Amino acid sequence: MTPYAPAQSEKKWQAAWNAAGVFTARHDPLRPKYYVLEMFPYPSGRIHMGHVRNYTMGDVVARYKMSCGFSVLHPMGWDAFGMPAENAAMERGGHPKEWTYGNIADMRGQMKPLGLSIDWSREFATCDPEYYGQQQAMFLDMLDAGLVYRKNAVVNWDPVDMTVLANEQVIDGRGWRSGALVERRELTQWFFRISDYAGELLEALDGLKDWPEKVRLMQANWIGQSRGLQFAFGTVNAPKGFDRIECYTTRPDTLMGASFVGISPDHPIARALEKTDPDMAAFIAECRKGGTTEEAIETGEKLGRDTGIRVRHPLDEAWELPVYIANFILMDYGTGAIFGCPAHDARDFEFATKYGLPINPVFIAPGADAPQGAPEAEYVPPKTEKVRYIRGYAGDELQTGEDAIAAAIAFCEANGIGRGVTNYRLRDWGLSRQRYWGCPIPVVHCPNCGVVPEKKENLPVRLPDDVTFDKPGNPLDRHPTWRDTTCPNCGAPARRETDTMDTFVDSSWYYARFTAPHATTPTDPEETEYWMNVDQYIGGIEHAILHLLYSRFFARAMHKTGHLPAKAIEPFNALFTQGMVTHEIYKTTDTNGRPVYHLPEDIDREAGVVKETGEKVEIIPSAKMSKSKKNVVDPMNIIASFGADTARFFVMSDSPPERDVEWTAAGAEATSKFLARVWRIASEIAEGADGPGGAEDLALLKAAHRAIDEVTRSIEGFAFNKAVAAIYGLANAMARTQAANPARREAMQIMAQLMAPMVPHLAEDIWAALGGEGFVVQAGWPKADPALLVEDDVTLPIQINGKKRGEVTVPKTMPASEVEKIVLADEAVIKALAGGQPRKLIVVPGRIVNVVI
RNA sequence: GCGGGUGUGGCGGAAUGGUAGACGCGACAGACUCAAACUCUGUUUCCGCAAGGAGUGUCGGUUCGAGUCCGACCACCCGCACCA
Numbered sequence: 001m002t003p004y005a006p007a008q009s010e011k012k013w014q015a016a017w018n019a020a021g022v023f024t025a026r027h028d029p030l031r032p033k034y035y036v037l038e039m040f041p042y043p044s045g046r047i048h049m050g051h052v053r054n055y056t057m058g059d060v061v062a063r064y065k066m067s068c069g070f071s072v073l074h075p076m077g078w079d080a081f082g083m084p085a086e087n088a089a090m091e092r093g094g095h096p097k098e099w100t101y102g103n104i105a106d107m108r109g110q111m112k113p114l115g116l117s118i119d120w121s122r123e124f125a126t127c128d129p130e131y132y133g134q135q136q137a138m139f140l141d142m143l144d145a146g147l148v149y150r151k152n153a154v155v156n157w158d159p160v161d162m163t164v165l166a167n168e169q170v171i172d173g174r175g176w177r178s179g180a181l182v183e184r185r186e187l188t189q190w191f192f193r194i195s196d197y198a199g200e201l202l203e204a205l206d207g208l209k210d211w212p213e214k215v216r217l218m219q220a221n222w223i224g225q226s227r228g229l230q231f232a233f234g235t236v237n238a239p240k241g242f243d244r245i246e247c248y249t250t251r252p253d254t255l256m257g258a259s260f261v262g263i264s265p266d267h268p269i270a271r272a273l274e275k276t277d278p279d280m281a282a283f284i285a286e287c288r289k290g291g292t293t294e295e296a297i298e299t300g301e302k303l304g305r306d307t308g309i310r311v312r313h314p315l316d317e318a319w320e321l322p323v324y325i326a327n328f329i330l331m332d333y334g335t336g337a338i339f340g341c342p343a344h345d346a347r348d349f350e351f352a353t354k355y356g357l358p359i360n361p362v363f364i365a366p367g368a369d370a371p372q373g374a375p376e377a378e379y380v381p382p383k384t385e386k387v388r389y390i391r392g393y394a395g396d397e398l399q400t401g402e403d404a405i406a407a408a409i410a411f412c413e414a415n416g417i418g419r420g421v422t423n424y425r426l427r428d429w430g431l432s433r434q435r436y437w438g439c440p441i442p443v444v445h446c447p448n449c450g451v452v453p454e455k456k457e458n459l460p461v462r463l464p465d466d467v468t469f470d471k472p473g474n475p476l477d478r479h480p481t482w483r484d485t486t487c488p489n490c491g492a493p494a495r496r497e498t499d500t501m502d503t504f505v506d507s508s509w510y511y512a513r514f515t516a517p518h519a520t521t522p523t524d525p526e527e528t529e530y531w532m533n534v535d536q537y538i539g540g541i542e543h544a545i546l547h548l549l550y551s552r553f554f555a556r557a558m559h560k561t562g563h564l565p566a567k568a569i570e571p572f573n574a575l576f577t578q579g580m581v582t583h584e585i586y587k588t589t590d591t592n593g594r595p596v597y598h599l600p601e602d603i604d605r606e607a608g609v610v611k612e613t614g615e616k617v618e619i620i621p622s623a624k625m626s627k628s629k630k631n632v633v634d635p636m637n638i639i640a641s642f643g644a645d646t647a648r649f650f651v652m653s654d655s656p657p658e659r660d661v662e663w664t665a666a667g668a669e670a671t672s673k674f675l676a677r678v679w680r681i682a683s684e685i686a687e688g689a690d691g692p693g694g695a696e697d698l699a700l701l702k703a704a705h706r707a708i709d710e711v712t713r714s715i716e717g718f719a720f721n722k723a724v725a726a727i728y729g730l731a732n733a734m735a736r737t738q739a740a741n742p743a744r745r746e747a748m749q750i751m752a753q754l755m756a757p758m759v760p761h762l763a764e765d766i767w768a769a770l771g772g773e774g775f776v777v778q779a780g781w782p783k784a785d786p787a788l789l790v791e792d793d794v795t796l797p798i799q800i801n802g803k804k805r806g807e808v809t810v811p812k813t814m815p816a817s818e819v820e821k822i823v824l825a826d827e828a829v830i831k832a833l834a835g836g837q838p839r840k841l842i843v844v845p846g847r848i849v850n851v852v853i
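Under full-length UniProt numbering, the first sequence has 10 at position 10, and the numbering climbs by one with no breaks.
Written out as structure tokens, the structure reads:
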């Protein structure tokens, strides 16, 4: 018997698969296709366990579908543009391109030993000019189709680094790198008209049946549809030019409960006041300091300042309301102005109480008495609940909030007060980035012609290689020969657009490009027709909103510009979001009380101490692997010590795939031992002589076919942990059986087929050792024989008043009346009955018997 | 604050309303061995010598029967763009 030696055999099988072109995706019109895709990685340079888990899941699906006869597309590429490459260039010198392609080579080198069934011939990186050139071509088509436009937008500007900062790069109002105070600066930027698709993107979520409910809900909340009334207040004593304040409300039924009007610190009126009133300017500056997250606002203090302006109530000219600037009102949403109804809104209530504004109830609970004086708290029942309107103006006195809102909108429209509008919180997608390492936006700014698209024959607009990062700002902006060009339209001297695209653009269509990665157009209609859509998409929940929403929009935009068929506007048929790989954290504290973290290999886990020093460590369980906490396990070390099959099988074991899985050294070792055990059993069978049949042959084959059934259903249902459990079960049966060698051989061949998607190399070894033909990966998926799945006898538990008190084994087909007789003769039952009759006898055929006394 | 999720042995986790704890880790015992490692066999929810009893975050409900369904609560985790 040869020992289990993954290091040699894994390499051997990978070479053999490669030579045979087993994983090359073939456009075969005679076979059904299956497209499985894992979210492509950012080339950081090292793969981590999360990658191993993600790609193994995809690989299991891909190999399983391949066995089932599908023509499988399982590609891999690199999400290769983005800031880390520029940061590396700034910190360590070198060029983003060298850094990125170097990392890609490293990571490819680490991924290949995993033995994934990837068609590497389709690999590309988004920073390949071939890819981003096609992206530029699509951008021009989308510009032409009115899907892209320019407008001013406020950005975080770092005056020292001369760069725009992402929100996460602003720490306490300062640039993360320079430490300079961040300014709000307006720049003209490019936008995709995603908000035009808000309604459609929302409605289409209902059709995504095979997406996690959670993701659909997150997207729906993000799109944030609301129905409300838009109307205007006439102003009194307002600055010149502000005769009206436009307001949007989702609760027009509470208009008679208004006690103030609030405007955003960024509202045009606020900006006008800011210029003339230093006191107001100081308040507005204060408002802008606070955090802008929902959490910060909801839990933070509500601040307001009376502007001195008054407005007339639209339903009563004589009624005047004060206008406040308030820190909780967003300029981006609705009109940047609201009316406050403190009686029926928690935030307005807090605000009114603080500033001594009236609180007038509009409706009360149906059975309640009319309130005396000001209420003590806001009253906010669900909109579907019926309430009594004591200060209503439209619809019935007794009605639900929903009905009252509809009636109020109808009333206001009929009387010319306002109009019903549907609003979305989804904003247009700003794609301009003032960076070097991204896809150049292919337009030219001409003094005569304005913004001129680059000619398609001049694409790709390539990034220049001769750039440096020693000076602050965007190197494209100061590149003398790249930036200066001629107008494609009139030939006059002109300047290129120096903004590049958001990297979310790159990842919004890569799935389509994989169907024809080297086509001279963005996509090839024949290939997209055959391969689209992605049948199974797998990735992290962190992309639940932006990446997946942008991709859904982009597919629609690609369809509109002729780059995708109509069937592909929802590009991902099924989505699976996997959990993280976690690991314990080992922490000690230094003499200054600061935490010190230790690598897993430096710890004696049993003693709970640092090996070197013997210092006691605090063990923090189940934390996301992170370099700073040093609780990382390098997949390359695992592969070196145990082999890829062990790493793959471990990350599929135990935890359901959507949940986090805890990596433990003991678990990895146990997995490796199990694989060696299976190999040992297989070797014994391979070396054993095939004699006559044995008495336990049938029992073993039944176990094998039960395993086929369980593994198949588990893989179909994305329950890989249960598939692993079924494989363990079959291995245990094989270790214990007294069946003869031919039956054992048959069962072990089934075992190899069932294991193949998860531990493909060992499965090939076993398949070959048992004399299987060709590769197990091409052997087809075994089918469970229904005749072998049924048991002749069944053991029924006997319950007395719902508690198990005994059991009885009967033929499966025995009629209930016969079972009753046997049960009544059971010792425990006779004892419990004590001579009496049962009140009730429930026999669930094949499952259970319950005697009620 | 809002939205969502999760609570089952020492641990990861199984369980179409029908035997709670499959499978695995760990632990313990035994076999093999001069010995250890490897391997193999068994035990392992808790209380109890046993008979037996209790048990799926808590409290209640529906049911012949509840981890599963319903109601209230508690704890923890995740997401959040000032959402009118």
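Note that the Cβ used here is the ideal one computed from N, Cα and C, for glycine as well.
Since the structure is predicted, the reported quantities are computational estimates derived from the model, not experimental observations.
### Task
Could you tell me how far apart the beta carbons of Trp509 and Met580 are, in whole angstroms, since I believe they sit closer than 8 angstroms?
Actually they are not in contact, since the Cβ atoms of Trp509 and Met580 sit about 27 angstroms apart, beyond 8 angstroms.
### Query
Just how far apart, CA to CA, sit Pro811 and Val843?
Linking Pro811 to Val843 through their CA atoms gives a straight-line distance of about 14 angstroms.
### Query
Just the Cα atoms here: how many angstroms apart are Thr561 and Met636?
So the two alpha carbons sit approximately 44 angstroms from each other.
### Message
Just to confirm before moving on: does the CB-CB distance between Leu549 and Leu147 stay below 8 angstroms?
### Response
In this structure, Leu147 does not lie closer than 8 angstroms to Leu549 by Cβ.
### Message
Less than 6 angstroms between C-beta atoms, sequence neighbours within five positions excluded: which residues of the same chain meet that for Tyr131?
### Response
Excluding residues within five positions, the ones whose Cβ falls inside 6 angstroms are Phe124.
### Task
In the DSSP assignment, find the unbroken beta strand (DSSP E) run with Arg495 in it and report its ends.
Counted as a single uninterrupted DSSP element, the beta strand (DSSP E) harbouring Arg495 occupies residues 493-496.
### Query
Buried or exposed: Leu37, going by 16 or more other Cβ atoms within 10 Å of its Cβ?
Buried is the call here.
### Message
Output needed for Thr528: all residues of its chain with C-beta closer than 7 angstroms, excluding positions within five of it in sequence on either side, in chain order.
### Response
The beta carbon of Thr528 sits closer than 7 angstroms to those of Ala512, Thr515, Leu564, Pro565, Ala568, all from its chain and outside the five residues before and after it, given in chain order.
### Task
Would you mind giving the Cβ-Cβ distance between Val362 and Arg388, rounded to the nearest angstrom? I have them listed as a contact below 8 angstroms.
About 10 angstroms; that fails the 8 angstroms criterion.
### Message
So, for Leu700: in the same chain, excluding its five sequence neighbours on each side, which residues have a beta-carbon less than 8 angstroms away from its beta-carbon?
### Response
Here the set comprises Ala733, Met734, Thr737, Ala739, Ala743, Arg744, Ala747.
### Query
Between Leu675 and Asp709, what straight-line distance do the alpha-carbon atoms span, to the nearest angstrom?
Between Leu675 and Asp709, the alpha-carbon positions lie close to 21 angstroms from each other.
### Residues sharing a beta bridge with Ser507, DSSP
DSSP output for Ser507 lists no bridge partner at all.
### Distance between beta carbons of Ile727 and Val711, contact taken as under 8 angstroms
Right, the Cβ-Cβ distance comes to about 7 angstroms (below 8 angstroms), so this counts as a contact.
### Task
Specify, as a first and last residue, the run of the alpha helix (DSSP H) that Phe720 falls within.
Residues 720-736.
### Task
Would you check if the distance between the CB atom of Ala707 and the CB atom of Leu754 is smaller than 8 angstroms?
Their beta carbons are under 8 angstroms apart, which means Ala707 touches Leu754 by this criterion.
### Reduced DSSP secondary structure (H/G/I, E/B, other) of His313
Correct three-state label for His313: strand.
### Message
Assess contact between the segment 493-505 and the segment 19-30, defined as three or more Cβ pairs (one per stretch) separated by less than 8 angstroms. Is contact present?
### Response
Contact fails: fewer than three Cβ-Cβ distances are below 8 angstroms.
### Query
Would a C-beta distance cut-off of 8 angstroms place Asn474 and Gln536 closer than the cut-off?
A distance of 8 angstroms or more separates the beta carbons of Asn474 and Gln536.
### Message
Which of the three DSSP states is assigned to Met90 in this structure?
### Response
Annotated three-state conformation of Met90 is helix, per DSSP.
### Query
So, do the segment 75-95 and the segment 109-124 have three or more beta carbon pairs nearer to each other than 8 angstroms?
Short answer: they touch.
### Task
Answer yes if the segment 317-326 comes into contact with the segment 256-265, meaning at least three C-beta pairs across the two stretches below 8 angstroms, and no otherwise.
Taking one beta carbon from each stretch, the segment 256-265 and the segment 317-326 have 3 or more pairs nearer than 8 angstroms; the two touch.
### Task
Give the DSSP-derived three-state secondary structure of Phe70 in the structure shown.
Coil, per DSSP.
### Task
Could you say if the segment 442-460 and the segment 482-494 meet the contact criterion of at least three C-beta pairs nearer than 8 angstroms?
At 8 angstroms Cβ cutoff, the stretches touch.
### Query
Between Ile194 and Trp429, is the Cβ-Cβ spacing less than 8 angstroms?
Yes; because the gap between Cβ atoms is below 8 angstroms, this pair is in contact.
### Task
Closer than 7 angstroms by C-beta to Gly643: which residues in its own chain qualify, once you throw out the five before and the five after it? Chain order, please.
Take Gly643, set aside five residues on each side of it, and the residues of its chain with a beta-carbon closer than 7 angstroms to its own are Pro6, Ala7, Glu10, in chain order.
### Task
Tell me where the beta strand (DSSP E) around Thr249 begins and ends.
Start and end: 244-249.
### Message
Given this structure, state the Cα-to-Cα distance separating Glu402 from Glu274, to the nearest angstrom.
### Response
Going from the Cα of Glu402 to the Cα of Glu274 covers about 39 angstroms.
### Query
Grouping DSSP H, G and I as helix and E and B as strand, with all else coil, what is Val467?
The three-state secondary structure of Val467, taken from DSSP, is coil.
### Three-state secondary structure assigned by DSSP to Asn156
Three-state result, Asn156: strand.
#### Entry: Limits of the unbroken alpha helix (DSSP H) element including Ser817
In this chain, the alpha helix (DSSP H) harbouring Ser817 covers 816-824.
### Task
Answer yes if the segment 437-448 comes into contact with the segment 133-140, meaning at least three C-beta pairs across the two stretches below 8 angstroms, and no otherwise.
The segment 133-140 makes contact with the segment 437-448: 3 or more CB pairs, one atom from each, lie closer than 8 angstroms.
### Message
For Arg805, report the span of its beta strand (DSSP E) as first-last.
### Response
Element bounds for Arg805: 803-811.
### Query
Using 8 angstroms as the threshold, is the segment 461-470 in touch with the segment 101-109, meaning 3 or more CB pairs across them?
Segments in contact, no.
### Task
Please report how far the alpha carbon of Pro265 lies from the alpha carbon of Leu431, in whole angstroms.
One C-alpha to the other measures close to 26 angstroms.
#### Entry: Nearest-angstrom Cα separation, counted from Ala695 out to Asp826
Rounded to whole angstroms, Asp826 and Ala695 show a C-alpha spacing of 31 angstroms.
### Task
Use the C-beta contact count for Ala816: other C-beta atoms within 10 angstroms, 16 or more gives buried, fewer gives exposed.
Residue environment analysis places Ala816 among the exposed positions, since fewer than 16 neighbouring C-beta atoms fall within 10 angstroms of its C-beta.
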